[in-house]
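Residue numbers (this note's numbering): 361 to 697.
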């Protein structure tokens, strides 16, 4: 009997450790209303916001007795459907029932072979028959034409710690067909595009304006600077490995009544899982919003394209103008040791 109790105890400890690891895998981040869009753009939340706008509100979204800077941004930016092909996203407006939760889990398994990181964070027993859940998942992986060399760890922006980097090392000519300089003014202002097997571009942009402007304004600035160029044999390039795992809570939207509807937002969350390494980039992005009725309270010289200081990263599809993912790498928070 003791033997079985020991085995059972070990199994329970293993299960608890596994569940705890899954919960801790995403770092909790509270998004202030005024900070939305400053340092990152992700496609999943705009996808559900577009459904809120077009299918629930049937017009621009506004709140009762509350002005939201975040909603101003979401009302004004270009549609995520113009940034990303439909095969790479899933979205639904669902009734708040366990049956719909199972449907979503089945759908994303069939489309992406993925499990959700956030569905279990929602309450699926309906508070009333009109409760709704807006949900989306974006899944896209891109691979570089040739895998870059892994370089020796170095610091980022004069940090004390060292982090993993990839780049061209002494083989610039080997990678020149997949590296496209977009412009180069000086060692603090430049951008390059890294080509992938799918035609997507991973664009890295170093600029003096990084802290002064939002990611959308930085993209608009970069578009004006792009010119034809090629990566020369004596040019240099390296960039850090990046790993983002965040659970974003939009707490300031909770409880807000939506003008022109009978709904208030009960919960709004988003998960972002993004990685960049010498082989390519991977993005898994989910968003969920719970709606309940208001009745319920609830040059010729060598150029050095070294991204070892704050920069911004964009990802865009071939032949589509706006990027589908944008993030500022301002410090070592997302870097890999």
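Every residue, glycine too, gets a C-beta built ideally from N, C-alpha and C.
For the pair residue 451 and residue 479, the CB atoms are not nearer than the 8 Å cut-off.
Inter-residue distance for residue 416 and residue 621 is about 8 Å (C-alpha atoms, whole angstroms). Residues 450 of the same chain have their beta carbon placed closer than 7 Å to that of residue 467, with the five preceding and five following residues left out of the count. A distance below 6 Å between beta-carbons, with the five flanking residues on each side excluded, links residue 420 to the following residues of its chain, in chain order: 435. Under the three-state reduction of DSSP output, residue 541 falls in the strand class.
Under the three-state reduction of DSSP, residue 640 is assigned to strand. Residue 619 sits close to residue 422, with the two beta carbons spaced by under 8 Å.
The stretch 510-521 makes no contact with the stretch 531-544; the number of CB pairs closer than 8 Å stays below 3. Distances from the CA of residue 486 to each of 651, 697 and 683 were compared; the closest alpha carbon is that of 651.
Pairwise C-beta distances place the stretch 570-580 out of contact with the stretch 597-615, as fewer than three of them are shorter than 8 Å. Cβ contact annotation for residue 386 (same chain, cutoff 8 Å, sequence separation greater than five): 477, 605, 606, 607, 631 and 633, in chain order. In the three-state scheme derived from DSSP, where H, G and I count as helix and E and B as strand, residue 460 is classed as helix. Across the structure, residue 539 and residue 599 are spaced so that their CA atoms are roughly 12 Å apart. The DSSP-derived three-state label of residue 651 is strand. If you check the CB distance, residue 696 and residue 526 do not come in under 8 Å. In the structure shown, the three-state DSSP call for residue 585 is helix. Ranked by how close their Cα comes to the Cα of residue 614, the residues 564, 648 and 437 have 648 in first place. For residue 695, no beta strand (DSSP E) encloses it, and the DSSP letter there is neither H nor E. Residue 391 sits in coil when the DSSP states are folded into three classes, being neither helix nor strand. In the DSSP annotation of this structure, the continuous segment of the beta strand (DSSP E) that includes residue 509 starts and ends at 509-514.
The C-beta of residue 645 has 16 or more other C-beta atoms within 10 Å across all chains shown, which makes the residue buried.
The beta carbons of residue 643 and residue 441 sit about 16 Å from each other, so the pair does not count as a contact at 8 Å. Looking only at 628, 588 and 578, the smallest Cα-Cα distance to residue 392 is reached by 628.
By the neighbour-count criterion, in which 16 or more other beta carbons inside 10 Å mark a residue as buried, residue 640 falls on the buried side. Contact between residue 564 and residue 671 holds, since their C-beta atoms are separated by about 6 Å, short of 8 Å.
In this structure, the straight-line span from the alpha carbon of residue 493 to that of residue 455 is close to 6 Å. The beta strand (DSSP E) runs lying completely inside the stretch 436-509 and spanning 3 residues or more are 449-455 and 492-503, given in chain order.
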